[in-house]
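A.B. asks:
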Amino acid sequence: MPRNLARLRFRAPRSLPKPLDLSRPEALLAKPDVLAQQLSKHVRQISKPLTPLAVRTVLDPGWKRQPAKKTKTKALPLKPLSLRDLVDPDRKAKHGTIIYVFRNDKSNQVIYSLSEMMENYHLEQLPFMGKHSKPPVLRPDEWLPYFVVKFPTPEQGHQAFRKLREYRKLHETTWDKTHPQWLKLSKEKRMKKIMDQAANSVADLAAILKHQEKQAKLMRKTLDEHHARTTALLQKRWHEINELAAMSTAKDRRDGDSVKWLNTQISNLTWQQGLKHNQDDVNQRRLETAKRSHEIRLRKIEFAQRKSQQFKEWEEKLSKQATLANEPGAEERLAELKEDHAILKEDLANPDPENPPTPEEIEADRAKMKETHTQIQRLEAAFTAKDQLDNQTHYIFRTILPRQLKKEPPQPFSMDGVTVSWADLRDLEYVGAWPRKVVMDILPIKNIRQDVAFLTQNEYNAVVEDEVSTLLRQQGIDYDHGEARNEVPAAAKKMSVLDSVSKLNPFAKRVEAA
Numbered sequence: 015m016p017r018n019l020a021r022l023r024f025r026a027p028r029s030l031p032k033p034l035d036l037s038r039p040e041a042l043l044a045k046p047d048v049l050a051q052q053l054s055k056h057v058r059q060i061s062k063p064l065t066p067l068a069v070r071t072v073l074d075p076g077w078k079r080q081p082a083k084k085t086k087t088k089a090l091p092l093k094p095l096s097l098r099d100l101v102d103p104d105r106k107a108k109h110g111t112i113i114y115v116f117r118n119d120k121s122n123q124v125i126y127s128l129s130e131m132m133e134n135y136h137l138e139q140l141p142f143m144g145k146h147s148k149p150p151v152l153r154p155d156e157w158l159p160y161f162v163v164k165f166p167t168p169e170q171g172h173q174a175f176r177k178l179r180e181y182r183k184l185h186e187t188t189w190d191k192t193h194p195q196w197l198k199l200s201k202e203k204r205m206k207k208i209m210d211q212a213a214n215s216v217a218d219l220a221a222i223l224k225h226q227e228k229q230a231k232l233m234r235k236t237l238d239e240h241h242a243r244t245t246a247l248l249q250k251r252w253h254e255i256n257e258l259a260a261m262s263t264a265k266d267r268r269d270g271d272s273v274k275w276l277n278t279q280i281s282n283l284t285w286q287q288g289l290k291h292n293q294d295d296v297n298q299r300r301l302e303t304a305k306r307s308h309e310i311r312l313r314k315i316e317f318a319q320r321k322s323q324q325f326k327e328w329e330e331k332l333s334k335q336a337t338l339a340n341e342p343g344a345e346e347r348l349a350e351l352k353e354d355h356a357i358l359k360e361d362l363a364n365p366d367p368e369n370p371p372t373p374e375e376i377e378a379d380r381a382k383m384k385e386t387h388t389q390i391q392r393l394e395a396a397f398t399a400k401d402q403l404d405n406q407t408h409y410i411f412r413t414i415l416p417r418q419l420k421k422e423p424p425q426p427f428s429m430d431g432v433t434v435s436w437a438d439l440r441d442l443e444y445v446g447a448w449p450r451k452v453v454m455d456i457l458p459i460k461n462i463r464q465d466v467a468f469l470t471q472n473e474y475n476a477v478v479e480d481e482v483s484t485l486l487r488q489q490g491i492d493y494d495h496g497e498a499r500n501e502v503p504a505a506a507k508k509m510s511v512l513d514s515v516s517k518l519n520p521f522a523k524r525v526e527a528a
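Right under this line is the structure:
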């Protein structure tokens with residue numbers, strides 16, 4: 015979660031009310047008025063939308079609660095509906111993979127953000143170019159969602175975010191100061207024209223995606239060269255390590271490959287350095303050189319033995335962990351478990367209102383889902399161990415690399431996972447061509463409103479009464495609401511001054527009847 019949203023605290027979202035228990039004794043069913051009142055309250059409760067209907071773009075400062083503040087605060091608000099709820103409902107995207115772009119409805123100024131809601135510090139992106147060019151605070155009614163960009167990796171998203179802000183800065187500061195049409199404009203009109211960055215932001219995004227598409231080829235080439243160089247060096251060094259470790263433990267080993275013999279020689283040379291007749295410079299250099307060569311050889315042999323033993327232990331451990339993955343049909347088994355887990359999760363989150371499950375069934379489903387999740391984790395760990403064993407990607411296998419090769423180059427950019435969601439698809443007309451693999455989508459801002467039926471008060475009361483009557487008939491009770499219907503009286507007709515004037519004209523000539 016971004017740091018600016020880390021301290022937000024909201025109330026728990028409203029869940030669906032529990033199904034009304036109608037399995038009552040005959041004495042309670044004999045009171046249809048009381049039962050109808052309870053049913054009406056229940057129907058009105060489940061008729062409310064579970065989520066807000068409007069997308070919130072600006073963060074309310076009152077939502078933040080400081081941890082050291084001990085004063086009493088107002089009740090926590092409900093979590094608002096944000097753009098992230100539309101493009102990332104599971105909230106699994108990492109910070110930087112989604113860029114939110116907002117547009118000012120009056121001036122067409124553009125703000126880029128890595129969080130789904132804006133705060134006042136986002137106004138620092140806008141430069142001051144004159145009076146009324148930079149709003150003092152963010153107004154929720156002025157800033158609207160413009161488009162949202164999703165990237166496959168955070169590194170690619172961070173680079174695009176940085177370049178979008180740099181390009182916008184160039185548009186605002188390096189406009190053509192010698193163009194005759196710009197010079198003819200007044201300062202106010204010129205300022206408003208510079209503030210309008212809606213079309214430029216779309217063109218900048220297309221240019222950045224094209225640049226990343228070209229950059230991906232170079233990054234792929236660099237990564238392949240690094241992998242080839244690393245693989246060759248690893249094979250060479252591990253061959254030397256295994257060979258040296260085998261020579262040090264062989265029965266027919268030389269004296270120079272024995273750890274015991276090398277330790278004895280080092281101790282002997284240290285003793286010779288302290289003798290009186292070896293205190294001259296020539297003997298000291300000779301003994302120090304021989305001692306250093308033995309110490310280097312000893313360190314190499316001990317390092318080879320230690321790494322060879324670690325490699326064997328690591329290989330045995332991964333082989334045991336990969337046992338489940340080596341069984342026939344392991345991949346199909348993992349796919350089935352994931353599908354079963356998703357079905358159980360969906361059933362628990364959205365139970366059937368017509369046939370609600372019992373508490374025992376809910377508890378059994380939760381236990382089964384927990385067991386399925388445990389099996390999925392075991393299989394995924396087995397496949398991870400198998401991949402490390404086959405491709406030799408375990409960290410122990412790479413510990414013998416030099417420092418400059420341990421750090422891999424960044425992963426190549428890709429256009430496969432790039433999606434641009436637009437609030438209005440007509441904004442695509444600002445750019446003629448986009449990278450071929452980029453997916454265009456529509457922001458489902460109005461989908462929630464389309465799923466909710468808006469009724470008048472009379473229609474709403476009639477629907478509630480029909481639902482209550484249906485539930486009562488299922489219990490064998492024929493109940494007529496009669497006067498219980500709360501109809502909204504028709505609005506009284508407004509009277510104007512002319513309505514109070516008499517319709518008869520006193521100045522008209524009266525025609526006497528013949």
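In terms of our numbering, the sequence shown opens at residue 15 and continues consecutively. We put the CB at the ideal spot given by N, CA and C, even for glycine. Please read these numbers as outputs of a predicted model, since none were measured by experiment.
Given that a residue counts as buried once 16 or more other Cβ atoms are within 10 Å of its Cβ, and exposed if not, what is G288?
C.D. replies: Numbered from its first residue, the sequence shown carries residue 288 at position 274. Answer is exposed; the Cβ neighbour count stays below 16.
A.B. asks: Rounded to whole angstroms, how far is the Cβ of L338 from the Cβ of R380, which I believe are closer than 8 Å?
C.D. replies: Position 324 of the sequence shown, counting from 1, holds the residue named residue 338. Position 366 of the sequence shown, counting from 1, holds the residue named residue 380. Between R380 and L338 the Cβ distance is about 24 Å, and since that is not below 8 Å, they are no contact.
A.B. asks: Does the Cβ-Cβ distance between V115 and V48 come in under 8 Å?
C.D. replies: If you number the sequence shown from 1, residue 115 lands on position 101. If you number the sequence shown from 1, residue 48 lands on position 34. No, the pair does not count as a contact, with Cβ atoms beyond the cut-off.
A.B. asks: Quick test of the definition: if touching needs 3 or more C-beta pairs under 8 Å, does the segment 321–335 touch the segment 274–288?
C.D. replies: The segment 321–335 vs the segment 274–288: no contact.
A.B. asks: Flag this pair as touching only if the segment 214–226 and the segment 396–412 have three or more C-beta atom pairs under 8 Å; answer yes or no.
C.D. replies: In short, these stretches do not touch, since the Cβ pair count stays below three.
A.B. asks: Helix, strand or coil for R25? Go by DSSP, reduced to three states.
C.D. replies: Along the sequence shown, one-based indexing puts residue 25 at 11. If DSSP states are grouped into helix, strand and coil, R25 belongs with the strands.
A.B. asks: Quick one: what's got a C-beta closer than 8 Å to V122's C-beta in the same chain, skipping five residues either side?
C.D. replies: Looking up residue 122 in the sequence shown gives position 108. In the sequence as presented, Val is not what sits at residue 122; that position holds Asn. Contacts found: M209, D210, Q211, A212.
A.B. asks: Beta-carbon within less than 7 Å of K177's beta-carbon, same chain only, minus the 5 sequence neighbours each way: which residues are those?
C.D. replies: Residue 177 sits at position 163 when you count from the first residue of the sequence shown. Taken in chain order, the residues that qualify are I222.
A.B. asks: Mark I60 as exposed unless 16 or more other C-beta atoms lie within 10 angstroms of its C-beta, in which case mark it buried.
C.D. replies: As a first step, residue 60 must be located in the sequence shown, where it is residue number 46. Result: exposed.
A.B. asks: By Cβ distance, which residues of its chain are closer than 7 Å to E526, with the 5 residues on each side in sequence left out?
C.D. replies: Within the sequence shown, the letter at position 512 stands for residue 526. Caution applies to E526, whose pLDDT of 48 falls short of 50 and renders its modelled position unreliable; the model cannot decide the point.
A.B. asks: For I315, is the classification buried or exposed, using 16 other Cβ atoms within 10 angstroms of its Cβ as the cut-off for buried?
C.D. replies: Translated into positions along the sequence shown, residue 315 becomes position 301. Classification for I315: buried.
A.B. asks: I'd like the ranges of any beta strand (DSSP E) spanning at least 3 consecutive residues and lying wholly in the segment 106–179.
C.D. replies: Those beta strand (DSSP E) runs which fall completely within the segment 106–179 and span 3+ residues are 112–118, 124–127, 157–164.
A.B. asks: With a CB to CB cut of under 6 Å and the five nearest residues on each side skipped, what residues in its chain are close to T111?
C.D. replies: Numbered from 1 along the sequence shown, position 97 holds the residue referred to as residue 111. Excluding sequence neighbours, T111 sits near F165, P168, G171.
A.B. asks: By DSSP, does V466 sit in helix, in strand, or in coil?
C.D. replies: Within the sequence shown, numbered from 1, the residue matching residue 466 stands at position 452. V466 falls in the coil class under three-state DSSP.
A.B. asks: Roughly how far, in whole angstroms, is the beta-carbon of Y160 from the beta-carbon of R117, given that I think they are within contact range, below 8 Å?
C.D. replies: Within the sequence shown, numbered from 1, the residue matching residue 160 stands at position 146. Within the sequence shown, numbered from 1, the residue matching residue 117 stands at position 103. About 4 Å; that satisfies the 8 Å criterion.
A.B. asks: What is the C-beta distance between V216 and D441, in whole angstroms, given that I count them as a contact (C-beta under 8 Å)?
C.D. replies: Position 202 of the sequence shown, counting from 1, holds the residue named residue 216. Position 427 of the sequence shown, counting from 1, holds the residue named residue 441. With 8 Å as the limit, V216 and D441 qualify as a contact, their Cβ atoms being about 6 Å apart.
A.B. asks: Quick one, are the C-beta atoms of L283 and K305 less than 8 Å apart?
C.D. replies: For the purposes of this step, residue 283 is identified with residue 269 of the sequence shown, where counting begins at 1. For the purposes of this step, residue 305 is identified with residue 291 of the sequence shown, where counting begins at 1. Yes; because the gap between Cβ atoms is below 8 Å, this pair is in contact.
A.B. asks: Could you give the distance in angstroms between the alpha-carbon of Q229 and the alpha-carbon of G144?
C.D. replies: Looking up residue 229 in the sequence shown gives position 215. Looking up residue 144 in the sequence shown gives position 130. Approximately 39 Å, taken between the alpha carbons.
A.B. asks: Using the three-state DSSP reduction, which class does W436 fall into: helix, strand or coil?
C.D. replies: Taking the sequence shown and counting its residues from 1, the one referred to as residue 436 is at position 422. Strand at W436.
A.B. asks: Relative to the C-alpha of L1, which residue among Q389, T407, E375, N292 is closest?
C.D. replies: The structure shown does not extend to residue 1, since the chain is modelled only from 15 through 528, so no value can be given for it.
A.B. asks: Could you tell me which residues DSSP puts in a beta bridge with V453?
C.D. replies: If you number the sequence shown from 1, residue 453 lands on position 439. Answer is T433, bridged to V453.
A.B. asks: For S322 versus A259, is the C-beta spacing smaller than 8 Å?
C.D. replies: In the sequence shown, counting from the first residue as 1, residue 322 sits at position 308. In the sequence shown, counting from the first residue as 1, residue 259 sits at position 245. Cβ atoms of S322 and A259: closer than 8 Å.
A.B. asks: Just list the alpha helix (DSSP H) runs in the segment 43–77, keeping only unbroken ones of 4 residues or longer that don't cross its boundaries, in chain order.
C.D. replies: You should have 46–60.
A.B. asks: Just to check my reading of the structure: L485 and L53 have Cβ atoms closer than 8 Å, yes? What is that Cβ distance to the nearest angstrom?
C.D. replies: For this step, residue 485 is matched to residue 471 along the sequence shown. For this step, residue 53 is matched to residue 39 along the sequence shown. About 5 Å; that satisfies the 8 Å criterion.
A.B. asks: What's the call for Q173, buried or exposed, on a 16-neighbour Cβ count within 10 Å?
C.D. replies: If you number the sequence shown from 1, residue 173 lands on position 159. That one is buried.
A.B. asks: Which residues does DSSP pair with L95 in a beta bridge?
C.D. replies: Here the question's residue 95 lines up with position 81 in the sequence shown. Paired residue(s): V69.
A.B. asks: Closest to V445 by C-alpha separation, out of E180, R311, K224, P103, would be which residue?
C.D. replies: Looking up residue 445 in the sequence shown gives position 431. Considering only alpha carbons, the answer is K224.
A.B. asks: Would you tell me roughly how many angstroms separate the C-alpha atoms of Y126 and L73, rounded to the nearest one?
C.D. replies: Residue 126 sits at position 112 when you count from the first residue of the sequence shown. Residue 73 sits at position 59 when you count from the first residue of the sequence shown. Taking the straight line joining both Cα atoms gives about 15 Å.
A.B. asks: If you check the beta carbons only, do L95 and R23 fall under 8 Å apart?
C.D. replies: Taking the first residue of the sequence shown as position 1, residue 95 is located at position 81. Taking the first residue of the sequence shown as position 1, residue 23 is located at position 9. No. Outside cutoff.
A.B. asks: DSSP state of I410, grouped into three classes?
C.D. replies: The sequence position of residue 410 within the sequence shown is 396, counting from 1. In the structure shown, I410 sits in coil (DSSP, three-state: anything other than H, G, I, E or B).
A.B. asks: DSSP on P531, reduced to helix/strand/coil?
C.D. replies: The question about residue 531 has no answer, for the chain in this structure spans 15 to 528.
A.B. asks: Quick one: what does DSSP say A202 is sitting in, helix, strand or coil?
C.D. replies: On the sequence shown, position 188 is the one that residue 202 refers to. At residue 202 the sequence reads Glu, which differs from the Ala that was named. In the structure shown, E202 sits in a helix (DSSP, three-state: H, G or I).
A.B. asks: Tell me the rounded alpha-carbon separation between N364 and E327.
C.D. replies: On the sequence shown, residue 364 is found 350 positions in, with the first residue counted as 1. On the sequence shown, residue 327 is found 313 positions in, with the first residue counted as 1. If I take the Cα positions, the gap works out to 48 Å.
A.B. asks: State the start and end residues of the unbroken alpha helix (DSSP H) segment that holds S262.
C.D. replies: Taking the sequence shown and counting its residues from 1, one reaches residue 262 at position 248. From DSSP, the alpha helix (DSSP H) with S262 extends over 212–263.
A.B. asks: Can you tell me where the alpha helix (DSSP H) holding Y474 begins and where it ends?
C.D. replies: Position 460 of the sequence shown, counted from the start, is the residue given in the question as residue 474. It spans 471–488 - the alpha helix (DSSP H) in which Y474 sits, taken as one unbroken run.
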